[in-house]
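Engineer:
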Amino acid sequence: MASSKLLLHFVLLALIACGAVASDPSPLQDFCVADKDSPVRVNGLPCKNIKDVKVDDFFLAANLDKPMDTTLNKVTSNVTLINAMKLPGLNTLGISMARIDYAPRGQNPPHTHPCATEILTVIEGSLYVGFITSNPDNKFFDDVLAKAF
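According to mature numbering (1 follows the signal peptide of the UniProt record, and there is no 0), the sequence shown holds residues -22 to -1, 1 to 127 in order.
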């Protein structure tokens, strides 16, 4: 009886300890600018040598300041995706962004973001937005976003 009680305590302690050490490791460096020219592809893009990192790796090539053509598709919107291939400074940060330009009455077709987040900021006009919860209730939340600044 005493040995089974001891075994139970040992198993419970082991289970508790496993949960306590289950976390992501600290990053080895502050940032890892993507080396898009490297032939190596292991879990994303390898890091540039810190000596080759430039300010443009963080700020330039995103083109977020330029409105895009909304007449190219039937939903009259244009999505500009920003990830580590376009903005190398985002590499390993777990961040992707998008700029969406809408024509009047333009739409962004229904889509999902499993394990991700979406934040919207309206620069001009207003935007009707909504989402449906993924729990069994499937509750719909919606609102109209107006110009933020």
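Backbone N, C-alpha and C define an ideal beta-carbon position, used for all residues, glycine too.
Predicted, not measured: the structure shown is a model, and the values here were computed from it.
Determine the burial state of Asn27: buried for a count of at least 16 other Cβ atoms within 10 Å of its Cβ, exposed for fewer.
Structural biologist: Position 49 of the sequence shown, counting from 1, holds the residue named residue 27. It is exposed - the Cβ of Asn27 has fewer than 16 other Cβ atoms within 10 Å.
Engineer: Here's the rule: buried if 16 or more other CB atoms are within 10 angstroms of the residue's CB, otherwise exposed. What is Gly108?
Structural biologist: As a position in the sequence shown, residue 108 is number 130, starting the count at 1. Classification for Gly108: exposed.
Engineer: Quick one, are the C-beta atoms of Leu(-10) and Asp35 less than 9 Å apart?
Structural biologist: Counted from its first residue, the sequence shown places residue -10 at position 13. Counted from its first residue, the sequence shown places residue 35 at position 57. In this structure, Asp35 does not lie closer than 9 Å to Leu(-10) by Cβ.
Engineer: Compare the beta carbon distance of Ser55 and Asn86 with 9 Å and say whether it is the shorter of the two.
Structural biologist: Here residue 55 refers to the residue found at position 77 when the sequence shown is read from its first residue. Here residue 86 refers to the residue found at position 108 when the sequence shown is read from its first residue. Going by C-beta atoms, Ser55 is nearer than 9 Å to Asn86.
Engineer: Does the region 80 to 99 come within contact of the region 37 to 51, defined as at least 3 CB pairs closer than 8 Å?
Structural biologist: With contact defined as three or more Cβ pairs closer than 8 Å, the region 80 to 99 and the region 37 to 51 are in contact.
Engineer: Considering Cα atoms alone, identify which of Phe(-13), Ser74 and Glu102 is closest to Cys93.
Structural biologist: Here residue 93 refers to the residue found at position 115 when the sequence shown is read from its first residue. Minimum Cα distance to Cys93 is reached at Ser74.
Engineer: Straight-line CA distance for Ile110 to Ile97?
Structural biologist: By one-based count along the sequence shown, residue 110 stands at place 132. By one-based count along the sequence shown, residue 97 stands at place 119. The C-alpha of Ile97 is placed about 15 Å away from the C-alpha of Ile110.
Engineer: Report, in whole angstroms, the separation of the C-beta atoms of Asp13 and Leu23, which I expect to be a contact under 8 Å.
Structural biologist: Translated into the one-based positions of the sequence shown, residue 13 becomes position 35. Translated into the one-based positions of the sequence shown, residue 23 becomes position 45. Indeed they touch by this definition, with Cβ atoms about 6 Å apart.
Engineer: Indicate the three-state DSSP secondary structure (helix, strand or coil) for Ser(-19) in the structure shown.
Structural biologist: Along the sequence shown, read from residue 1 onward, the residue named residue -19 stands at position 4. Three-state DSSP puts Ser(-19) in a helix.
Engineer: Alpha carbons only, please: which of Glu102, His(-14) and Ser(-20) is nearest the one belonging to Val122?
Structural biologist: Counted from its first residue, the sequence shown places residue 122 at position 144. Comparing Cα-Cα distances from Val122 to each of Glu102, His(-14) and Ser(-20), the minimum goes to Glu102.
Engineer: Beta carbon of Asn69, beta carbon of Cys25: below 9 Å?
Structural biologist: As a working note, residue 69 is residue 91 in the sequence shown. As a working note, residue 25 is residue 47 in the sequence shown. Closer than 9 Å, so yes.
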